[in-house]
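Participant: Number 175 in my numbering belongs to position 171 of the sequence shown; there are no gaps in the numbering. Questions regarding the structure given below will be posed in turn.
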Amino acid sequence: MPEAVITIRGLRKAYGELEAIRGIDLTVEAGEVFAFLGPNGAGKTTTVEIMEGYRPRSSGEVRVLGADPSEADRSWREQVGLVLQESRLVGELTPREVLAQYAGYYSKPRDVDETIGLVGLEEKADTRTARLSGGQRRRLDVALALVGDPQLLFLDEPTTGFDPSARRQAWELIAGLRELGKTVFLTTHYMEEAQALADRVAIISRGRIVASGSPDKIGGRRTAMVEISFHLPEGASAGDLPSPIRADARIEGDQVRLAAEDPVPALRELTGWATARGSGLPGLEVRRPSLEDVYLDLVDEEVAE
Numbered sequence: 005m006p007e008a009v010i011t012i013r014g015l016r017k018a019y020g021e022l023e024a025i026r027g028i029d030l031t032v033e034a035g036e037v038f039a040f041l042g043p044n045g046a047g048k049t050t051t052v053e054i055m056e057g058y059r060p061r062s063s064g065e066v067r068v069l070g071a072d073p074s075e076a077d078r079s080w081r082e083q084v085g086l087v088l089q090e091s092r093l094v095g096e097l098t099p100r101e102v103l104a105q106y107a108g109y110y111s112k113p114r115d116v117d118e119t120i121g122l123v124g125l126e127e128k129a130d131t132r133t134a135r136l137s138g139g140q141r142r143r144l145d146v147a148l149a150l151v152g153d154p155q156l157l158f159l160d161e162p163t164t165g166f167d168p169s170a171r172r173q174a175w176e177l178i179a180g181l182r183e184l185g186k187t188v189f190l191t192t193h194y195m196e197e198a199q200a201l202a203d204r205v206a207i208i209s210r211g212r213i214v215a216s217g218s219p220d221k222i223g224g225r226r227t228a229m230v231e232i233s234f235h236l237p238e239g240a241s242a243g244d245l246p247s248p249i250r251a252d253a254r255i256e257g258d259q260v261r262l263a264a265e266d267p268v269p270a271l272r273e274l275t276g277w278a279t280a281r282g283s284g285l286p287g288l289e290v291r292r293p294s295l296e297d298v299y300l301d302l303v304d305e306e307v308a309e
């Protein structure tokens, strides 16, 4: 069985009396997109900088691409690509010129024009970077991380400040990295982003991991109670509802909310009732807790403890 790309056991980092990382364990497998979620000050940046070899740890074991990052050499660094939250490019240079410059830093770089094509910048390859849009500059950031042909990429808040259209384009680009066989470690504040891109996620709060798993299962999402909500049809009152629904529902004005492990029986009862009345169920929604709901609950529980 191949070695995991990232393995962390009992990682701790203290600054004097302040323990920023409190004994975390983490494994990232080859070829997956792994999302690291947590509020500001939770320890995300410290953990990532330790994995990148830029910050020493207080204790614990860290292996990235089979090596201890604190002792890594140049050949190891050539296998790691970084996309920082902010970058500063020379505005007078074009993407092709910038990539050619960066390619010179590596022993076996990817072809510059091929890299430009991978990130969709063919039409802007000879445009000064100062004239690129925010989304295009972010694509160039990813290209710079890819030009060394690394095995592992760290993406730090890659879509911060993007409008919805640019964010979707960036997601397509990041999803394409998986198809290239790259392993991606993604830090983000956007729950929708983690849901759309990640194979697995870990939530860190106050220096320790409070949950990990697939976006659909983490925190018991798949088996969590489902909420059914709707407005009473015109002319109907709460007393008109079927008795099994009325007994379990929370009714505020014309808003009806009902929690159920299995929504199918309740929906069958409600749709049959509405059909018999010749009416609909205005504003009907069937909702399981989102990744954001789970995230907020877990972080709030950790803070309360």
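Glycine included, C-beta positions come from ideal geometry on N, C-alpha and C. Keep in mind that this is a model prediction, so the values were computed, not measured.
Measuring only the C-alpha atoms, how far is Pro113 from Arg272?
Facilitator: 60 angstroms
Participant: With distances taken Cα to Cα, identify the nearest neighbour of Gly287 among Val94, Glu238, Val303.
Facilitator: When C-alpha distances from Gly287 are compared across Val94, Glu238, Val303, the shortest belongs to Glu238.
Participant: In whole angstroms, what is the alpha-carbon distance linking Asp301 and Arg212?
Facilitator: Each residue's alpha carbon lies about 15 angstroms from the other.
Participant: Under three-state DSSP, which class holds Thr191?
Facilitator: Looking at Thr191 - three-state DSSP - the assignment turns out to be strand.
Participant: Could you compute how far the alpha carbon of Ser241 sits from the alpha carbon of Met195?
Facilitator: 38 angstroms
Participant: DSSP beta-bridge partners for Phe38?
Facilitator: Phe189, Arg204
Participant: Between the Cα of His235 and the Cα atoms of Ser283, Pro248, Lys128, which residue gives the shortest distance?
Facilitator: Ser283
Participant: Considering only C-alpha positions, which residue in the set Arg61, Asp153, Gly180, Phe40 is nearest to Tyr106?
Facilitator: Asp153
Participant: Of the residues Arg250, Val268, Pro267, which one's Cα is nearest the Cα of Val260?
Facilitator: Arg250
Participant: Mind checking Pro162: buried by the 16 CB within 10 Å criterion, or exposed?
Facilitator: The residue in question, Pro162, is buried, as its Cβ has 16 or more Cβ neighbours within 10 Å.
Participant: Quick one: any contact between the region 124-132 and the region 5-21, if contact means 3 or more CB pairs under 8 angstroms?
Facilitator: no
Participant: Which same chain residues end up closer than 6 angstroms to Thr31 when comparing Cβ atoms and leaving out the 5 residues on each side of it in sequence?
Facilitator: Ala8, Thr11
Participant: Please look up how many angstroms separate the CB atoms of Thr119 and Leu150, rounded, as I've assumed it's under 8 angstroms.
Facilitator: With a Cβ gap of about 5 angstroms, Thr119 and Leu150 count as contacting.
Participant: Under 7 angstroms Cβ to Cβ from Met5, same chain only, skipping five residues before and after it: list those, please.
Facilitator: Because the pLDDT at Met5 is just 45, under 50, the model does not fix this residue reliably, and the point stays unresolved.
Participant: Identify, in the order they occur along the chain, each residue of the same chain with its Cβ nearer than 8 angstroms to the Cβ of Ile208, setting aside the five sequence neighbours on each side.
Facilitator: Ile28, Phe40, Leu41, Gly42, Ala46, Gly47, Lys48, Thr51, Val214
Participant: Provide the residue(s) that pair with Asp160 in DSSP beta bridges, ordered along the chain.
Facilitator: Thr191
Participant: Report, in whole angstroms, the separation of the C-beta atoms of Asp160 and Val87, which I expect to be a contact under 8 angstroms.
Facilitator: 6 angstroms
Participant: Under the three-state reduction of DSSP, which class applies to Met5: helix, strand or coil?
Facilitator: A caution first: Met5 carries a pLDDT of 45, below 50, which makes its placement in the model unreliable, though a value can still be read off. Coil, per DSSP.
Participant: Measure how close the beta-carbons of Gly64 and Arg16 come, nearest whole angstrom, since I'm counting them as under 8 angstroms.
Facilitator: 5 angstroms between Cβ atoms; contact.
Participant: Please give me, in chain order, every unbroken run of the beta strand (DSSP E) with length at least 3 that falls completely inside the region 27-79.
Facilitator: 37-41, 63-68
Participant: Using the C-alpha atoms, what's the distance from Trp277 back to Gln89?
Facilitator: 53 angstroms
Participant: Distance, Cα to Cα, Val66 vs Ser233?
Facilitator: 47 angstroms
Participant: Return helix, strand or coil for Thr98, following the three-state DSSP convention.
Facilitator: coil
Participant: To the nearest angstrom, how far is it from the Cα of Pro246 to the Cα of Ile255?
Facilitator: 13 angstroms
Participant: Along the beta strand (DSSP E) that carries Leu15, what are the first and last residues, could you check?
Facilitator: 10-19
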